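Below is one structure, written out as structure tokens, with a few remarks after it.
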Amino acid sequence: MQTRVLKAKDSIDEGASLIRSGELVVFPTETVYGLGANAFDENAVKKIFIAKGRPQDNPLIVHISSLEQVRDIAVDVPEVFYELANRFMPGPITLILKKSDKIPYAVTAGGETVGVRMPSNEWARKLIEKSFPLAAPSANRSKHISPTTAKHVLDDLNGEVALIMDDGACKVGIESTVLDLTTDVPTILRPGAITAEMLVEILGEVNENGKVIKIAKAPGMKYTHYAPKVKTVCAESIDHAVREYDRAKNDGLNPVVVARDIYRDKVEDRAQISLGVTVEDYCRNIYAALHTAEDGFDYIIVEELGKTGLEGSVMNRVEKAAGGNRV
Ligand code: TXA
Ligand code: MG
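Take numbering that gives the first Met the number 0: the final residue in the sequence shown is number 326, and no numbers are missing along the way.
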């Protein structure tokens, strides 16, 4: 199959027609690019797992363009869903609800719940409006880093999908917050740009337990996600990062430090990739930094940014990329 990359704004009709005929389309969102199929079409959804090489037991998120669509996707929708939707949708959050009979088990990996998300990217919503709600994971090969540009997608999925709708770099840059509304106390299964602090304002309480509980709850969490092709570690501080760089260099490796802009001078003339100045920069740039790093270096050292809030969400991805390796 030949993969074409077209501007998103010029390819809505073509994308919608591919989706209606049961094909896959890569579409832009504010978080990362998604690999979409008609969420009501079991055969179309199965193609996603083949294209990505994704394990069958990892469920997909259903992307919507309006709240009315939830009636076809979920049942027993609690009031709090609409309170959260009013505040955070469209935006980088996925809410887990009880699935309806119309959603095939291929989407939910055999489970009785379904993730629902309304992306804020206008082309994503137009595509859905003109076709169907879209079951979509991130548009990377299973286990590789999520794509935040059309080029990242092409590098991973060339030949696997007919159309990539290009809308430049993703504005948020890490995947949506996943919040389970089927538990007694709503539970964060994956941290993201909508943080626990923001959710608590509406929910009163939210379960953001330690990693162990997140791993146990989200079916996808047991896999190493977001891993670059080369070894990656998280350094406790910029000094640790610099020391590790020098050690690796001595060992004959070709390392690179990924760090905040303020530490440029500390890293000096060692190879470095800047994450930018603000925490929103770090979030937007982290995956692009990892993509660049794995293409030019054989060892990636990422400086610890912080443990809570948006810094914490970014470090969640870094820790997964590093497979828990720390220096
Ligand atoms: O920002 C995002 O969420 C992006 C864009 C494309 O929307 N999508 C994304 O999809 O990151 P994916 O498939 O790469 O990650 C979805 C995560 C997985 O960890 C999966 O296990 C979890 O959400 N998930 C999906 N449905 C679930 C469900 N019913 N119950 C628990 N976890 C679920
Ligand atoms: Mg993914």
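Virtual Cβ for every residue (Gly too), placed ideally from N, Cα, C.
Note that the structure is a prediction, hence the values are computed from the model and not measured.
Problem set entry | Beta bridge counterpart(s) of Ala234 as assigned by DSSP | Glu302
For this session: Measure the C-alpha to C-alpha separation of Lys150 and Val25 and round it to an integer number of angstroms.
Result: 12 Å
For this session: Return the chain-ordered list of same chain residues with a C-beta closer than 7 Å to the C-beta of Asp166, the five sequence neighbours on each side being excluded.
Result: Ala7, Pro27, Asn120 and Trp122
Problem set entry | Start and end residues, alpha helix (DSSP H) containing Val278 | Val278 to Gly295
Exercise. Relative to the C-alpha of Met164, which residue among Thr147, Ser99 and Pro132 is closest?
Worked result: Thr147
Problem set entry | Beta-ladder partner(s) of Leu254, from DSSP | A small fix is needed here, since residue 254 is Pro in this sequence, not Leu. DSSP, once it has assigned bridges, lists Tyr298 as partnering Pro254.
For this session: Verify the contact flag: Glu318, CB atom, against every heavy atom of the ligand MG, threshold strictly below 7 Å.
Result: no
Problem set entry | Ser175 to Val313 span [Cα, whole Å] | 11 Å
Exercise. Mind checking Val276: buried by the 16 CB within 10 Å criterion, or exposed?
Worked result: exposed
For this session: Could you check which residue in Ile102, Pro132 and Gly33 has the C-alpha nearest to that of Gln68?
Result: Pro132
Exercise. Can you tell which of Leu34, Val256, Ala287 and Leu304 has the C-alpha that lies nearest to the C-alpha of Ala138?
Worked result: Leu34
Exercise. Whose CA, out of Thr182, Arg189 and Ala192, lies closest to the CA of Lys204?
Worked result: The identity of residue 204 in the sequence shown is Glu, whereas the question assumes Lys. For the residues Thr182, Arg189 and Ala192, the minimum Cα distance to Glu204 belongs to Thr182.
Exercise. Considering only residues of the same chain and omitting the five flanking positions on each side of Ser141, which have a CB-CB separation below 6 Å?
Worked result: Lys51, Gly52 and Arg53
Exercise. Below 8 Å between beta carbons: does that hold for Glu318 and Glu235?
Worked result: no
Exercise. CA-CA distance, Gly191 and Tyr225?
Worked result: 14 Å
Exercise. CA-CA distance, Tyr262 and Val241?
Worked result: 10 Å
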